[in-house]
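> At position 181 of the sequence shown the residue is numbered 180 (numbering that gives the first Met the number 0), and the sequence of numbers has no breaks.
Beta carbons are placed, not taken as given, at the ideal position from N, Cα and C, and that holds for glycine.
Here it is, the structure in full.
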Amino acid sequence: MLEHVELFFKSIFIDNMVFAVFLGMCSYLAVSKKVATAVGLGAAVIFVLAVTVPLNWLLDKYLLQDGALVWLGPEYAEYNLSFLSFILFIATIATMVQLVEIVVEKFSPSLYNSLGIFLPLIAVNCAILGGSLFMQAREIETLGLAFNYGVSSGIGWFLAILAIAAIREKIRYSNVPAPLRGLGITFIITGLMGIGFQSFGGMLTGGGEEAEEADQQVNKVQQLEVVEPKEEIVEKKTEVDEKVISYNDVKK
């Protein structure tokens, strides 16, 4: 359970798709002029990532990895189809995006018209493909963790586009210098938010490893300062006693 919670918060805040690795910037900048539109696209991204990452995990686990085809028979154990990763991942993503496009057009024509070309372009959104590739690179162990990673990565992208959309709506009433209006001030705000999200880097670790190492070093120092001098005193006392005994023997 702790592993799921850690992956969830890490994917949203620490490894945010926009503010950490700057993926999906095209849709992020183009569809963030209104909050309502940003919410619609963000929800679509969450759905696509939540479906495609687990599906691509299954493909990677049972088809693409080196020796993944062993379930077909021992003679297939040496096959490695990892070179097909990009093709199969993109095919899965494109299928899900087409499903999302059909559903949005059916139940929300206004949102479909406001998103325009950017809804089908989710299929080539690097944030969507990046989610599957990061899942593969991190060697996520279970299907549940893959689903968790897909949902949390989508939520991270959703929060990013929602935040910038809300700021851009409010900033229209601000006195922004003419050279910075439009994408200029948007890039500046994105950079500042990216710096802010980097501060979450130690949120889950809390410096636990560093504190443990520091405690070990303190214990070593205390042993050097306390234990070793006592041992030296005992050794010196033993040497003195031996010399006294030898002197007494000689005197006798």
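For residue 74, which three-state DSSP category applies?
Numbered from 1 along the sequence shown, position 75 holds the residue referred to as residue 74. Reduced to three states, the DSSP call for residue 74 is helix.
> Could you say if the stretch 145-155 and the stretch 108-125 meet the contact criterion of at least three C-beta pairs nearer than 8 angstroms?
Touching, no, given that fewer than three Cβ pairs across the two stretches are closer than 8 angstroms.
> With 16 other CB atoms within 10 Å as the buried threshold, where does residue 51 fall?
Here the question's residue 51 lines up with position 52 in the sequence shown. Label assigned to residue 51: buried.
> Below 7 angstroms between beta carbons: does that hold for residue 166 and residue 194?
Residue numbering aside, residue 166 sits at position 167 when the sequence shown is read from its first letter. Residue numbering aside, residue 194 sits at position 195 when the sequence shown is read from its first letter. No, Cβ-Cβ distance for residue 166 and residue 194 is not below 7 angstroms.
> Quick test of the definition: if touching needs 3 or more C-beta pairs under 8 angstroms, does the stretch 11-22 touch the stretch 96-105?
No: the two stretches stay apart, fewer than three of their Cβ pairs being nearer than 8 angstroms.
> What do you get for residue 159, buried or exposed, if any count of 16 or more other CB atoms within 10 angstroms of its CB means buried?
Within the sequence shown, the letter at position 160 stands for residue 159. When all chains shown are included, residue 159 counts as buried.
> Within 10 angstroms of the Cβ of residue 86, are there 16 or more other Cβ atoms? Answer buried if so, exposed if not.
One-based indexing of the sequence shown puts residue 86 at position 87. Residue 86 should be labelled exposed.
> Between residue 172 and residue 129, what straight-line distance do the alpha-carbon atoms span, to the nearest angstrom?
By one-based count along the sequence shown, residue 172 stands at place 173. By one-based count along the sequence shown, residue 129 stands at place 130. Rounded to whole angstroms, residue 172 to residue 129 spans 36 angstroms at the Cα level.
> Going by CA-CA distance only, name the one from 60, 47, 42 that's closest to residue 141.
If you number the sequence shown from 1, residue 141 lands on position 142. The option with the nearest alpha carbon to residue 141 is 60.
> Quick one: what does DSSP say residue 131 is sitting in, helix, strand or coil?
Within the sequence shown, residue 131 is the residue found at index 132, counting from 1. Three-state DSSP puts residue 131 in a helix.
> Could you round the C-beta distance between residue 63 and residue 149 to whole angstroms and report it? I think they count as a contact, below 8 angstroms.
To locate residue 63, count along the sequence shown from 1; it is residue 64. To locate residue 149, count along the sequence shown from 1; it is residue 150. Contact flag wrong, Cβ pair sits at about 17 angstroms.
> For residue 192, does the three-state DSSP call read helix, strand or coil?
Here residue 192 is taken as the residue at index 193 of the sequence shown, counted from 1. If DSSP states are grouped into helix, strand and coil, residue 192 belongs with the helices.
> Do residue 147 and residue 6 count as a contact pair if the criterion is CB distance below 7 angstroms?
Your numbering for residue 6 matches position 7 in the sequence shown. Your numbering for residue 147 matches position 148 in the sequence shown. In contact: residue 6 and residue 147 (Cβ atoms closer than 7 angstroms).
> Go through the stretch 14-41 residue by residue and report every complete run of the alpha helix (DSSP H) that reaches 4 residues or more, in order.
Here the runs fully enclosed are 24-29.
> Residue 132 to residue 95, Cα distance in whole Å?
For this step, residue 132 is matched to residue 133 along the sequence shown. For this step, residue 95 is matched to residue 96 along the sequence shown. Roughly 17 angstroms between the two C-alpha positions.
> DSSP on residue 141, reduced to helix/strand/coil?
Taking the first residue of the sequence shown as 1, we reach residue 141 at position 142. Correct three-state label for residue 141: coil.
> Mind checking residue 70: buried by the 16 CB within 10 Å criterion, or exposed?
Counted from its first residue, the sequence shown places residue 70 at position 71. The residue is exposed, with fewer than 16 neighbouring Cβ atoms inside 10 Å.
> What does the Cβ neighbour count give for residue 252, buried or exposed, with the cut at 16 atoms within 10 Å?
The structure shown does not extend to residue 252, since the chain spans only 0 to 251, so no value can be given for it.
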